[in-house]
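Residue numbers (this note's numbering), protein chains in the order written: chain F, 1 to 120; chain A, 1001 to 1120.
Every residue gets a Cβ at the ideal spot worked out from N, C-alpha and C, and that includes glycine.
Just so you know, these numbers come straight off a predicted model, no measurement behind them.
As structure tokens, the structure follows; a few thoughts come after it.
Number of protein chains: 2
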Amino acid sequence: MPLDKNTFAHLNFNDSGLIPAIIQSSETGRVLMMAWMNHESLSQSIELGETVFWSRSRSELWHKGATSGNTQHIVSIETDCDADTLLIKVRENGPACHTGSESCFDVQTIYISSDEETDD
Amino acid sequence: MPLDKNTFAHLNFNDSGLIPAIIQSSETGRVLMMAWMNHESLSQSIELGETVFWSRSRSELWHKGATSGNTQHIVSIETDCDADTLLIKVRENGPACHTGSESCFDVQTIYISSDEETDD
Chain F
1 MPLDKNTFAH LNFNDSGLIP AIIQSSETGR VLMMAWMNHE SLSQSIELGE TVFWSRSRSE
61 LWHKGATSGN TQHIVSIETD CDADTLLIKV RENGPACHTG SESCFDVQTI YISSDEETDD
Chain A
1001 MPLDKNTFAH LNFNDSGLIP AIIQSSETGR VLMMAWMNHE SLSQSIELGE TVFWSRSRSE
1061 LWHKGATSGN TQHIVSIETD CDADTLLIKV RENGPACHTG SESCFDVQTI YISSDEETDD
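What follows is the structure, encoded as structure tokens:
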């Protein structure tokens, strides 16, 4: 690999031609972000070896880190059992989040099991 | 916590009233699956302390593991920076996937970086 683009011809893009991509650090296992890809951004990701998303708000391709330098080198791309979600493991060259946080999920925890709570 | 349901009033559900939920094992860090929640399934998840999704194909609430026993005990629920995706860490009582695999992402790897390839 890299594989031929036809390798992902079986993917189930949604009615808008998009598929969600979960981005996980290959080094820490941390989930960094979730973004969307279309056929073209997935093709470009494979060609570049770096994540390229489809920005739904700007309606344009978005090469992650192209301006900030915080690119994501793709280690692997997996599909799930119904081929409608991607799991992309990356080695990240900086924070994933525009806020400067390592992960976009650093923002807010809305629930913690009472089993996990400490007494302090 | 558990927190009041109003804690997630700020979440950005999509036009169909859904929000994607990434399910990650709290023990192994493995991403197990991605599914969708609506307001009701998120409420029930917090009340039960187990994942309850919205099945888009069956248009009904889906208490994960209710029949198989492969429930997912919720450890924490986090939101991302734009509050339109959930990251739910769970302790799973069995395989996440209907195929019997630990993860729904055990199915197919469509790309591996040439950096990661071995010579065997």
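With a threshold of 8 Å between beta-carbons, can residue i be considered close to chain F, or not?
i	result
A/I1077	yes
A/K1053	Per the sequence presented here, residue 1053 of chain A reads as Phe, with Lys not at that position. Cβ-Cβ to chain F under 8 Å: no for A/F1053.
A/H1098	yes
A/G1113	Correcting the residue type first, residue 1113 of chain A is Ser in the shown sequence and not Gly. Yes - at least one Cβ of chain F is within 8 Å of the one on A/S1113.
A/G1017	no
A/V1107	yes
A/G1029	yes
Measure the alpha-carbon distance for residue i versus residue j and round it to whole angstroms.
i	j	result
A/H1098	A/C1104	8 Å
A/E1047	A/S1055	19 Å
A/G1065	F/E92	35 Å
A/D1084	A/S1114	33 Å
A/H1073	A/Q1044	13 Å
F/I19	A/I1110	14 Å
A/S1016	F/L11	22 Å
A/A1096	F/S59	34 Å
F/K89	A/A1009	31 Å
A/G1094	F/S68	41 Å
F/C123	F/G100	Past the edges of chain F, shown from 1 to 120, lies residue 123 of chain F, and the structure says nothing about it.
A/E1122	A/E1116	Any question about residue 1122 of chain A goes unanswered here, given that chain A covers just 1001 to 1120.
F/V52	A/N1070	35 Å
F/L42	A/D1106	20 Å
Kindly say whether residue i, judged by its beta-carbon, lies nearer than 8 Å to any beta-carbon of chain A.
i	result
F/N14	no
F/H63	no
F/I110	yes
F/M33	yes
F/I22	yes
F/T85	yes
F/E116	yes
F/G49	yes
Touching by the beta-carbon criterion (3+ pairs, under 8 Å), the region 21 to 39 of chain F and the region 1006 to 1026 of chain A: Touching, yes.
Any beta strand (DSSP E) of 3 or more consecutive residues that is wholly inside the region 1001 to 1038 of chain A: Qualifying beta strand (DSSP E) stretches, in chain order: 1019 to 1025 and 1031 to 1037.
Within the region 28 to 92 of chain F, ranges of the beta strand (DSSP E) (whole runs, at least 3 residues): List check, beta strand (DSSP E) in window: 31 to 37, 52 to 55, 60 to 63, 72 to 79 and 86 to 92.
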